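Structure, as structure tokens:
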Amino acid sequence: MKQILLLLLVLLRSMPAEAQTYGYNTGFTLSPHAFCDTIPIEIIDDRIYLNATINGRLQRLCIDTGSSQGTVYEGESTRSYRELGNIVSLDANERADTVRVVSLPPVTFGHITLTDYVASVMPRPAMKTKCDAVIGFDLINKGVCMKLDLRRRMMILSTDKDAFRGEQGYELKYRLKWFVPYVYVSPFMRHTDEVLFDLGYRQLYTMNKQNFDKHVYKSKQVNAQVEGFAYGNLSIGSYGPEHEDEVAFLNLDRLKWGNFAFTDVKAITTQGASRIGAQILKYGTITIDPFRKRIIFSPYNGNDTVTVANKQVNIAYVPQDDMPTVGLVRKESAEYKAGLRQGDRIIRINNEPVTSFEQFVAYPFVSGRHYKLHIITRNGMQREVYISID
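Note that the sequence shown covers residues -19 to -1, 1 to 371 in mature numbering (1 follows the signal peptide of the UniProt record, and there is no 0).
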């Protein structure tokens, strides 16, 4: 039922991947000073949420290791927050803008309270988010170890530097760039790729296009794992979609996290940083130890490999002048065969006018049904295309 939205938003980054050029700090306080707490989490659309109390109101927070600090969204509640000034922020496509920074009222989840927690104020994305605020990697940079277990739907937070000293699994050392963690994985034999470890991002793996070009130049074996190419854009950052460029569709034999292998991995290239995202949590627990700067993946199956066999992206829609536009369509896809092309703008669905990207995202598409899309092509011609929802 949700396939069109998943295709539409497969790379929607509603959480900002921020790179602070100044003003970054972890000066907020934790209460109690020392703790080890287990907190229930929810998993919705491959994102991690927890319940918290802010200003006496129950709020849903998203855990986002790809964001250097917190985020709140513009609205009535943010007007009462203490202003700290402005920062320059980079979104997932490395587009920059100046945004407000505020100090939040006390934030409480589990038995832990954050006081004077700093957050950027961002516009709400076109896709309605399921959260009220974001907790960024600054919580870990503050000296808090984190373990996430989706099967048990829990998160463990501890200030004890030895809390996970004996944690078993596959360890990668991370280094901080712009205050967020980067690790090296291996998408091809004898090749490594530096990736942002970004739990605010849905997909298991996405490769930076420039990195991909370097891999292709160095080795012929890379081409054997390319399913095809298309031209367009599909990643949506906080400040709009990425620029149009060539996109490679990859079918990786294996993606290695240290000595652990994810096999049969479908992935694509984008212009932003390469990323490992939240879907890694489908296959095992993740432990982040800021004292030793390491991330440990512990597979649920107890083996050194797991088959992913995920579906390839076929089409993506992006906002163009606030209207839903085909940013990318794969030639092998049913949508391409039905007549959709890159740059087509959707103006009606089943004769119902579409006036904004947000309206298109919210449209109640139903699996198994057919829909008539009235479009305007890049050349200004109007035509109708019929698509079905898998």
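Just so you know, even glycine gets a beta-carbon here, dropped at the ideal spot from N, CA and C. Remember, it's a predicted structure, so these values are computed and weren't measured experimentally.
Nearest-angstrom Cα separation, counted from residue j out to residue i
i      : j      : result
Ile44  : Arg235 : 27 Å
Pro334 : Tyr367 : 16 Å
Lys199 : Phe230 : 18 Å
Val88  : Arg105 : 20 Å
Val53  : Gly47  : 15 Å
Phe16  : Ser139 : 6 Å
Met362 : Ile328 : 12 Å
Asn192 : Arg134 : 35 Å
Cys126 : Ile277 : 11 Å
Val287 : Leu131 : 16 Å
Gly91  : Gln40  : 13 Å
Leu42  : Lys201 : 44 Å
Gly256 : Lys353 : With the sequence shown as reference, residue 256 is identified as Arg, and Gly is not the correct amino acid for it. Looking at the two C-alpha atoms, the distance is approximately 35 Å.
Selected residue, minimal CA-CA separation from residue i, among the options
i      : options                         : result
Leu262 : Val289, Val125 and Thr140       : Val289
Ala259 : Cys112, Leu31, Glu313 and Ile25 : Ile25
Asn6   : Asn192, Val99 and His14         : Val99
Asp141 : Gln149, Asn331 and Pro271       : Pro271
Leu153 : Val80, Thr268, Gly91 and Gln184 : Thr268
Ala144 : Arg273, Gly181 and Arg41        : Arg273
Ala33  : Ala114, Ser49 and Arg322        : Ala114
Ser167 : Met188, Val161 and Asn332       : Met188
Gly265 : Ile121, Lys128 and Asn331       : Lys128
Met103 : Asp97, Ile137, Leu95 and Ser58  : Ser58
Three-state secondary structure assigned by DSSP to residue i
i           : result
residue 447 : Only positions -19 to 371 of the chain appear in this structure, which leaves residue 447 out of reach.
Tyr5        : coil
Glu225      : coil
Ser61       : helix
Asp174      : strand
Glu339      : helix
Asn240      : coil
Asn360      : coil
Lys353      : strand
Phe193      : helix
Ile22       : coil
Val102      : strand
Tyr220      : Confidence at Tyr220 is low in this model, with a pLDDT of 48, below 50, so its placement is unreliable and the value that follows should be read with caution. Of the three classes helix, strand and coil, the one that applies to Tyr220 here is coil, per DSSP.
Val289      : coil
Asn232      : strand
Gln301      : strand
Leu39       : strand
Lys154      : strand
Ala144      : coil
Lys201      : helix
Ala254      : coil
Cutoff 6 Å; reference residue i; Cβ partners in own chain excluding five residues on either side
i      : result
Arg311 : Ala211 and Asn295
Glu227 : Phe210 and Tyr212
Arg359 : Gly324
Glu208 : Phe230 and Asn232
Asp27  : Arg183, Ala259 and Gln260
Glu23  : Tyr30
Ser337 : Asp303
Arg156 : Tyr163
Trp238 : Tyr151, Val166 and Phe278
Segment limits, beta strand (DSSP E) that includes residue i
i           : result
residue 372 : No information on residue 372 is available, as it lies outside the stretch -19 to 371 that the chain covers here.
Val125      : Counting along the chain, Val125 falls outside any beta strand (DSSP E), and DSSP gives it neither H nor E.
Pro162      : Val161 to Val166
Ile267      : Gly265 to Asp270
Cβ-based neighbour list, residue i, same chain, cut-off 7 Å, excluding 5 preceding and 5 following
i      : result
Leu65  : Val82, Val83, Ser84 and Val99
Glu225 : Tyr212, Gly213 and Asn214
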